[in-house]
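Worksheet for the structure shown next.
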Amino acid sequence: MNPTVKSCGVLIVRGDPIASFLLMEHDDRFDLPKGHVDGEETELECALRELHEETGIQEDDIELDLGFRFVADYTVQYKKKFGGQPRDKRLVIFLGRLQSDVNIAPTEHHGYRWVDWDPPHRIQVETIDPLLAELERFLCDGRDTTMTL
Numbered sequence: 040m041n042p043t044v045k046s047c048g049v050l051i052v053r054g055d056p057i058a059s060f061l062l063m064e065h066d067d068r069f070d071l072p073k074g075h076v077d078g079e080e081t082e083l084e085c086a087l088r089e090l091h092e093e094t095g096i097q098e099d100d101i102e103l104d105l106g107f108r109f110v111a112d113y114t115v116q117y118k119k120k121f122g123g124q125p126r127d128k129r130l131v132i133f134l135g136r137l138q139s140d141v142n143i144a145p146t147e148h149h150g151y152r153w154v155d156w157d158p159p160h161r162i163q164v165e166t167i168d169p170l171l172a173e174l175e176r177f178l179c180d181g182r183d184t185t186m187t188l
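All residue numbers for the sequence shown refer to the working numbering, where the first residue is 40 and numbers rise by one.
Structure below.
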């Protein structure tokens with residue numbers, strides 16, 4: 040698949056070991072803080088920008104684990120973009136551990152929810168469930184390479 044649209048975001052977790060993770064609420068589904076790459080920004084720049092724009096969480100509020108990078112390729116059909124035609128999409132998600140409690144301020148979602156870390160998770164089949172399954176494998180393999188930004 041040759042993606043024509045790229046979206047990047049950060050899965051925010053709390054606790055060490057992980058106690059919970061952040062999901063954003065839409066009317067009919069859960070999502071991650073993520074969005075489309077602008078211009079020449081890198082995947083990580085996009086992910087951190089979208090995290091801040093959609094939640095208020097800033098770079099210095101998290102420890103970023105650069106050893107974790109989840110990628111999913113799938114087809115999407117936007118209602119308003121691209122004339123409603125299907126597009127290949129690549130989703131890239133990084134892992135960030137919240138350093139202390141922060142005020143979550145949703146701007147593009149109706150709300151948010153902290154979900155207990157209790158795998159296996161069954162939330163959203165196409166992207167969120169595989170992401171959480173990959174994180175579980177990553178943690179079991181002991182590949183944590185946390186880096187504070």
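Note that beta-carbon positions come from the ideal geometry of N, C-alpha and C, so glycine has one too.
All figures in this text were calculated on a predicted structure; none of them were measured in a lab.
Asked: DSSP bridge partner residues for Pro125 (one or two, in chain order); Found: Gln116
Asked: Contact under 7 angstroms by Cβ, Gly106 with Ile51; Found: no
Asked: Sequence-distant residues of its chain with Cβ nearer than 6 angstroms to His75 (five each side left out); Found: Ser46
Asked: Residue closest to Arg53, alpha-carbon to alpha-carbon, out of Arg161, Asp168 and Arg152; Found: Arg152
Asked: Distance CB(Glu64)-CB(His160) smaller than 7 angstroms; Found: no
Asked: Span separating the alpha-carbon of Val154 from that of Pro72; Found: 14 angstroms
Asked: Reduced DSSP secondary structure (H/G/I, E/B, other) of Glu80; Found: coil
Asked: CB of Ala86 within 7 angstroms of CB of Phe133, strictly; Found: yes
Asked: Contacting residues, own chain, Cβ-Cβ under 8 angstroms from Asp77 (five flanking each side not counted); Found: Cys85 and Arg88
Asked: Buried or exposed by the 16-neighbour rule on C-beta atoms within 10 Å, applied to Thr18; Found: No statement about residue 18 is possible, as the shown extent of the chain runs from 40 to 188 and does not include it.
Asked: Among Phe109, Val49 and Phe69, the one whose alpha carbon lies nearest that of Gln15; Found: Given that the chain is displayed from residue 40 to residue 188, the structure contains no residue 15 and the question cannot be resolved.
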